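Working notes for the structure below.
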């Protein structure tokens with residue numbers, strides 16, 4: 002294990018949630034092992050994929066889907082670590098400060114584009130502190146509630162929360178998380194201000210929702226499809242213009258009477274600024290291979306999402322998306338007057 006990176010020097014303090022290990026690919030199978038500009042091979046050590054959210058959440062799920070096929074292409078070993086806290090900014094900050102050598106990779110979602118508007122002292126800037134590697138997927142969100150919650154439809158939910166705004170609890174994974182942003186849009190569209198209950202990730206938030214400790218929340222289909230299909234939660238709508246194939250009976254928010262609530266959660270891979278471009282390109286090519294893997298396609302389909310097209314799994318397409326989203330969410334958050342402490 003390399004010790005030159007500040008991140009790796011502190012890695013023993015972070016619980017390793019999972020390891021995806023593979024035998025190094027042979028030279029003739031399209032795997033890694035190409036010589037880089039310095040003559041060494043990349044990768045010649047473990048690659049750490051940092052997930053800035055809790056284990057079991059949607060971003061963690063997506064990361065673990067692509068880790069194995071990416072490792073197979075690169076010809077190495079991938080270690081997945083969850084470094085949660087402050088809406089994803091703790092883990093992102095660790096990666097921003099890591100050595101720019103391609104051995105520390107960040108998987109982040111839409112929260113990368115909202116953090117600058119939410120945090121005064123962020124400690125990094127998305128466009129200046131990272132190299133973009135490529136987009137991964139855009140995940141629809143769902144509005145779900147504990148299964149014994151009274152409202153039967155999305156219209157009923159809006160009516161109920163307006164009449165009980167001081168009693169209804171809206172869960173999320175913390176300020177800046179996708180669930181928080183979706184909840185913010187829900188409150189704007191419904192014209193109500195609710196009591197929000199933040200968690201350290203959507204995994205524990207959804208657990209409490211299933212257990213009846215909170216009333217409702219927004220969450221990605223990658224995290225809710227199983228609970229919806231199993232009847233563990235009450236589902237009201239999906240937050241995209243079209244219905245999700247894995248949940249064909251679930252209406253869109255527009256169909257259900259709340260067209261102002263429309264959002265999807267895009268994910269992308271990042272490395273620290275200054276990472277050699279040949280290394281960034283190797284990671285991007287490995288990402289494309291992973292997104293074309295039939296197992297990954299099938300796994301994502303079961304969770305109501307799909308890999309992005311190959312042309313979106315590139316550094317430039319990812320950067321363009323990030324720039325656009327920074328502008329969009331900066332205005333939304335400023336208009337809402339939301340600020341993280």
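Residue numbers (this note's numbering): 2 to 342. Quick reminder that beta carbons are idealized off the backbone N, C-alpha and C, glycines included. Source: prediction; values computed, not measured.
- Scanning the stretch 130-217 for uninterrupted beta strand (DSSP E) segments of 3 residues or longer gives 131-147, 170-173 and 196-199, listed from N- to C-terminal end.
- Take residue 163, set aside five residues on each side of it, and the residues of its chain with a beta-carbon closer than 6 Å to its own are 193, in chain order.
- For residue 235, the enclosing beta strand (DSSP E) covers residues 234-239.
- Bounds of the beta strand (DSSP E) holding residue 83 are 79-83.
- Of 102, 51, 146 and 308, the smallest CA-CA separation from residue 94 is found for 51.
- Rounded to whole angstroms, the separation of the alpha carbons of residue 304 and residue 242 is 17 Å.
- Counting C-beta pairs with one atom in each stretch, the stretch 104-116 and the stretch 323-332 have three or more that are closer than 8 Å, which means they touch.
- Residue 180 has its alpha-carbon roughly 17 Å from the corresponding atom of residue 259.
- Residue 214 counts as exposed, since fewer than 16 other C-beta atoms from the protein chains shown sit within 10 angstroms of its C-beta.
- Around residue 84, the same chain offers 15, 51, 52, 53, 91, 92 and 95 as residues with beta carbons nearer than 8 Å, after the five sequence neighbours per side are excluded.
- Beyond the five residues adjoining it in sequence on each side, residue 166 comes within less than 7 Å, by CB distance, of 193, 194 and 195 in the same chain, given in chain order.
- Burial is judged here by how many other beta carbons sit within 10 angstroms of a residue's own beta carbon; residue 273 has at least 16 and is buried.
- Check the Cα spacing between residue 248 and each of 223, 268, 182 and 266: the tightest is with 223.
- Ranking 317, 55 and 292 by CA distance to the CA of residue 139 puts 292 first.
- Restricting attention to 142, 218, 130 and 134, the CA atom closest to the CA of residue 158 is found in 218.
- Measuring C-alpha to C-alpha distances from residue 156 to each of 255, 107 and 176 identifies 255 as the nearest.
- Excluding residues up to 5 positions away in sequence, 247, 304 and 305 lie with their Cβ nearer than 6 Å to the Cβ of residue 226 in the same chain.
- Excluding residues up to 5 positions away in sequence, 52, 54, 108, 110 and 268 lie with their Cβ nearer than 7 Å to the Cβ of residue 60 in the same chain.
- Checking the DSSP bridge columns, you'll see residue 128 has no partner listed.
- In terms of CA proximity to residue 62, 204 leads the group 204, 134 and 174.
- For residue 305, there is no enclosing alpha helix (DSSP H), as DSSP gives it neither H nor E.
- Residue 71 is not bridged by DSSP to any residue.
- Per DSSP, residue 248 lies in no beta strand (DSSP E) and is assigned neither H nor E.
- Secondary structure at residue 268: strand, using DSSP grouped into helix, strand and coil.
- By the Cβ test, the stretch 64-82 is in contact with the stretch 283-303, since at least three Cβ pairs between them sit closer than 8 Å.
- Between the stretch 128-147 and the stretch 270-285 there are three or more inter-stretch CB-CB distances shorter than 8 Å, so the stretches are counted as touching.
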